[in-house]
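Visitor: Heads up, the sequence shown is in the numbering used here, so the first residue is 500 and it goes up one at a time.
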Amino acid sequence: MSKNSEIQILRDKNRELMERVNELESLVRTVSVPIIPSILPGVILVPLAGEISPQRFDLIIPKILSHAGSKDVDSVILDFSAISMEEIGDLNILGHYLINLTSSLRLVGVQAIVVGIHPQFAQELVMSQVSFIKELKTFSTFKAALQSLMKDKGLSLVEISRESQNHTLA
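1) So residue 560 packs on residue 600, CB below 8 Å; how close in whole Å?
2) If contacts are defined as beta-carbon pairs under 8 Å, then residue 551 and residue 543 qualify, I think. What distance do you get, rounded to the angstrom?
3) Does the distance from the CB of residue 657 to the CB of residue 637 come in under 8 Å?
4) Counting only runs of 3+ residues fully inside the region 566 to 608, write out the beta strand (DSSP E) ranges in chain order.
5) Counting only the same chain and skipping the five closest in sequence on each side, list residues whose C-beta sits under 8 Å from that of residue 546.
6) When DSSP builds the beta bridges, which residues end up paired with residue 638?
7) With H, G and I counted as helix, E and B as strand and the rest as coil, what does DSSP make of residue 543?
8) Measuring CB to CB, does residue 584 end up less than 8 Å from residue 619?
9) Which residues in the same chain have their Cβ closer than 8 Å to the Cβ of residue 604, if we skip the five residues on either side of it in sequence?
10) Using the three-state DSSP reduction, which class does residue 553 fall into: helix, strand or coil?
11) Which one or two residues does DSSP pair with residue 536 in a beta bridge?
12) How big is the Cα-Cα spacing for residue 502 and residue 516?
13) Determine the burial state of residue 644: buried for a count of at least 16 other Cβ atoms within 10 Å of its Cβ, exposed for fewer.
14) Whose CA, out of 522, 661, 652, lies closest to the CA of residue 540?
15) Suppose you measure from the CA of residue 640 to the CA of residue 519; what does that come to, to the nearest Å?
Here it is as structure tokens:
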């Protein structure tokens with residue numbers, strides 16, 4: 500086999516590998532920001548897990564804004580319950596991106612709600628004296644945020660008794 504044909508084989512293989520890398524990077528971008536419709540109309544949940552970095556927020560912000568702008572969304576719940584202090588990095592950078600996201604959502608008529616901030620994370624935020632925490636609407640859990648949104652929307656959950664379910668099915 501000649502040196503030129505070996506080089507061409509390597510170039511072809513390299514091109515195939517680069518295409519595969521691009522496919523996998525696209526897949527990672529897609530699954531790294533899950534957007535879950537809520538039981539409440541107009542509400543979506545965005546559970547965040549893993550490292551929170553500027554690069555990650557560069558993926559998160561456009562995806563959430565695109566979804567919120569193209570759907571009938573009035574509230575986005577950002578769930579940080581799966582994030583540890585080690586995965587956060589610089590609190591000021593986190594604050595910058597959170598304010599960018601929440602301000603952008605506000606400009607398109609969507610409220611942002613933050614849930615699941617761990618006590619240690621909350622304490623670090625307060626001690627760091629970052630200014631963005633005053634601007635955030637927060638709840639301890641997703642459930643608490645949903646209950647507040649239900650109240651705001653004039654909605655309630657009604658328990659259906661087994662007896663009335665049986666009459667409905669008959």
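Ideal placement from N, C-alpha and C gives every residue a C-beta, glycine not left out.
Guide: Quick answer:
1) Indexing the sequence shown from 1 puts residue 560 at position 61. Indexing the sequence shown from 1 puts residue 600 at position 101. Yes, residue 560 and residue 600 are in contact; Cβ-Cβ is about 5 Å, under 8 Å.
2) By 1-based counting over the sequence shown, the position of residue 551 is 52. By 1-based counting over the sequence shown, the position of residue 543 is 44. Residue 551 to residue 543, Cβ: 19 Å. No contact.
3) Position 158 of the sequence shown holds residue 657. Position 138 of the sequence shown holds residue 637. The answer is no: Cβ separation not under 8 Å.
4) 574 to 581
5) For the purposes of this step, residue 546 is taken as residue 47 along the sequence shown, with counting starting at 1. If we look at residue 546 and ignore the five residues flanking it on each side, its Cβ neighbours are 533, 535, 578, 580, 581.
6) Your numbering for residue 638 matches position 139 in the sequence shown. Per DSSP, 614.
7) Translated into the one-based positions of the sequence shown, residue 543 becomes position 44. It is a strand residue.
8) Numbered from its first residue, the sequence shown carries residue 584 at position 85. Numbered from its first residue, the sequence shown carries residue 619 at position 120. The answer is yes: Cβ separation under 8 Å.
9) Residue mapping note: residue 604 aligns to position 105 of the sequence shown, counting from 1. Only 563, 564, 567, 575, 610, 611 meet the Cβ criterion.
10) On the sequence shown, residue 553 is found 54 positions in, with the first residue counted as 1. Helix.
11) Locating residue 536 in the sequence shown gives position 37, counting from the first residue. Assignment of beta-bridge partners to residue 536 by DSSP yields 543.
12) Locating residue 502 in the sequence shown gives position 3, where the first residue counts as 1. Locating residue 516 in the sequence shown gives position 17, where the first residue counts as 1. Answer to the nearest angstrom: the Cα atoms are 21 Å apart.
13) In the sequence shown, residue 644 corresponds to position 145, counting from 1. Residue 644 is buried by the Cβ-count criterion.
14) Counting from one through the sequence shown, the residue named residue 540 turns up at place 41. Here the closest residue by C-alpha is 652.
15) The sequence position of residue 640 within the sequence shown is 141, counting from 1. The sequence position of residue 519 within the sequence shown is 20, counting from 1. Rounded to whole angstroms, residue 640 to residue 519 spans 39 Å at the Cα level.
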